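Colleague: So for the sequence shown, the working numbering puts the first residue at 9; every next one is plus one. All C-beta atoms, glycine included, are put in the ideal place defined by N, C-alpha and C. These numbers come from a predicted model, not from an experiment.
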Amino acid sequence: MQRTKIMGILNVTPDSFYDGNTYTDIKKAVEHAVEMSRYADIIDVGGESSRPGSEQIPADIELKRVIPVIKEISKKTDTTITKISIDTTKAEVAEEAINAGATIVNDISALRLDEKMADVVRKYDAEIVLMHMKGMPKTMQLNPHYDNVIEEILSFLKERINFAVACGIKKEKIIIDPGIGFGKRVEDNLMLIKNLDKFKILNCLILVGTSRKSFIGTLTDNIPPEERLEGTIASVAISVMNGADIIRVHDVKEIWKAIKIVDAIKNGWHN
9 MQRTKIMGIL NVTPDSFYDG NTYTDIKKAV EHAVEMSRYA DIIDVGGESS RPGSEQIPAD
69 IELKRVIPVI KEISKKTDTT ITKISIDTTK AEVAEEAINA GATIVNDISA LRLDEKMADV
129 VRKYDAEIVL MHMKGMPKTM QLNPHYDNVI EEILSFLKER INFAVACGIK KEKIIIDPGI
189 GFGKRVEDNL MLIKNLDKFK ILNCLILVGT SRKSFIGTLT DNIPPEERLE GTIASVAISV
249 MNGADIIRVH DVKEIWKAIK IVDAIKNGWH N
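Laid out in structure tokens, this is it:
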């Protein structure tokens, strides 16, 4: 059994819901990436916030934020051990990021927003994360509704996988993400975590991102993001037990410790 991989979040944005404006300075961002690389298998660099209610930004602004950081991370970390991922929906940003050292594209639109994205992923033989999102970040949390959340998201991801493969992307390069918090009610998020094993039928690695998200706050007397670490650890542990292969988190050291225990329980342990 493979151990669970950790994707560390590096938001170089002024407006992300938890760490906005913390790593907008290149030096600080790179230092944090190097620190995370001790525990993370992937560093996911994002230059555009996708928090509920956020607006899209032009590609040139996104490029200015992420490319210098990715170049420096590539120089200062061993990218054969810790991969770099670019969190973007724009083909232009993805291509520049790949040229700067990224090998994974984390596209929250699942190749829907930029018609050139699939070509970029295929051209560079990059890995691609296909995520489910109902609507767009600006509107996704305005009264989302599902008749059957598992079936609807399974159907969506299956269609997106087929689309990617039809565009020439290798199936083994595809990672799926059910999109916790992206156009989901609290009960939808809980249902997805509880039923992650149902997504194994798609034969792709499963990525889950619950880190400090609002459903954790809602379930714990509306505590703010900075107090949601314990809830994050609980949701991560259950996600891994239920089939998550990759966990996307802010707190890589703390999650690394938790996952070590979960993996040992799940897979067995030999001294």
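What is the DSSP secondary structure of G28, counted as helix, strand or coil?
Modeller: Residue 28 sits at position 20 when you count from the first residue of the sequence shown. In this prediction, G28 scores a pLDDT of 48, lower than 50, which makes its location untrustworthy; the coordinate-derived value is nonetheless stated afterwards. Three-state DSSP puts G28 in coil, outside helix and strand.
Colleague: Going along the chain, which residues of its own chain have a beta-carbon closer than 6 Å to the beta-carbon of E167, five neighbours each way excluded?
Modeller: Residue numbering aside, residue 167 sits at position 159 when the sequence shown is read from its first letter. Exclusion of the five residues before and after E167 leaves no residue of its chain whose Cβ lies closer than 6 Å to its Cβ.
Colleague: Counting only the same chain and skipping the five closest in sequence on each side, list residues whose C-beta sits under 6 Å from that of G187.
Modeller: Position 179 of the sequence shown, counted from the start, is the residue given in the question as residue 187. Excluding positions up to five away in sequence, the list reads M139, H140, M141.
Colleague: Between K265, A99, V260, which has its C-alpha nearest V42's C-alpha?
Modeller: Looking up residue 42 in the sequence shown gives position 34. For V42, the nearest C-alpha among the options comes from V260.
Colleague: What does DSSP give as the partner residue(s) for S93 in the beta ladder?
Modeller: The residue given as residue 93 occupies position 85 in the sequence shown. Partner(s): D52, I112.
Colleague: What's the gap between the Cα of F164 and the Cα of I158?
Modeller: Within the sequence shown, numbered from 1, the residue matching residue 164 stands at position 156. Within the sequence shown, numbered from 1, the residue matching residue 158 stands at position 150. Roughly 10 Å between the two C-alpha positions.
Colleague: Here's the rule: buried if 16 or more other CB atoms are within 10 angstroms of the residue's CB, otherwise exposed. What is T228?
Modeller: Within the sequence shown, the letter at position 220 stands for residue 228. The residue is exposed, with fewer than 16 neighbouring Cβ atoms inside 10 Å.
Colleague: Would DSSP call R130 helix, strand or coil?
Modeller: As a first step, residue 130 must be located in the sequence shown, where it is residue number 122. It is helical.
Colleague: Can you grab the Cα-Cα spacing for the pair M148 / H278, in whole Å?
Modeller: Translated into positions along the sequence shown, residue 148 becomes position 140. Translated into positions along the sequence shown, residue 278 becomes position 270. Looking at the two C-alpha atoms, the distance is approximately 45 Å.
Colleague: Any C-beta of chain D sitting closer than 9 Å to the C-beta of F164?
Modeller: You won't find chain D in this structure, because it holds only one protein chain.
Colleague: When the Cα atoms are used, what is the spatial distance from N19 to V53?
Modeller: For the purposes of this step, residue 19 is identified with residue 11 of the sequence shown, where counting begins at 1. For the purposes of this step, residue 53 is identified with residue 45 of the sequence shown, where counting begins at 1. Those two C-alpha atoms are separated by around 6 Å.
Colleague: Can you tell me where the beta strand (DSSP E) holding L204 begins and where it ends?
Modeller: In the sequence shown, residue 204 corresponds to position 196, counting from 1. Where L204 is concerned, there is no enclosing beta strand (DSSP E), given that its DSSP letter is neither H nor E.
Colleague: Can you tell me whether DSSP reads K265 as helix, strand or coil?
Modeller: Here the question's residue 265 lines up with position 257 in the sequence shown. Three-state DSSP puts K265 in a helix.
Colleague: Give the C-beta separation of R130 and I182 to the nearest angstrom, bearing in mind that I take them to be a contact with Cβ-Cβ under 8 Å.
Modeller: As a working mapping, residue 130 is identified with position 122 in the sequence shown. As a working mapping, residue 182 is identified with position 174 in the sequence shown. Incorrect: roughly 12 Å between the Cβ atoms, too far for contact.
Colleague: Look at the Cβ atom of G189, then the Cβ atom of P60, and state whether they are nearer than 9 Å.
Modeller: Residue mapping note: residue 189 aligns to position 181 of the sequence shown, counting from 1. Residue mapping note: residue 60 aligns to position 52 of the sequence shown, counting from 1. For G189 and P60, yes; Cβs fall inside 9 Å.
Colleague: To the nearest angstrom, how far is it from the Cα of E39 to the Cα of E180?
Modeller: Residue 39 sits at position 31 when you count from the first residue of the sequence shown. Residue 180 sits at position 172 when you count from the first residue of the sequence shown. Approximately 32 Å, taken between the alpha carbons.
Colleague: By alpha-carbon positions, which one of A102, V194, N250 ends up nearest to I224?
Modeller: Numbered from 1 along the sequence shown, position 216 holds the residue referred to as residue 224. When only C-alpha atoms are compared, the closest one is V194.
Colleague: Just list the beta strand (DSSP E) runs in the segment 189 to 251, keeping only unbroken ones of 3 residues or longer that don't cross its boundaries, in chain order.
Modeller: Uninterrupted beta strand (DSSP E) stretches at least 3 residues long and entirely within the segment 189 to 251 occur at 213 to 216, given in chain order.
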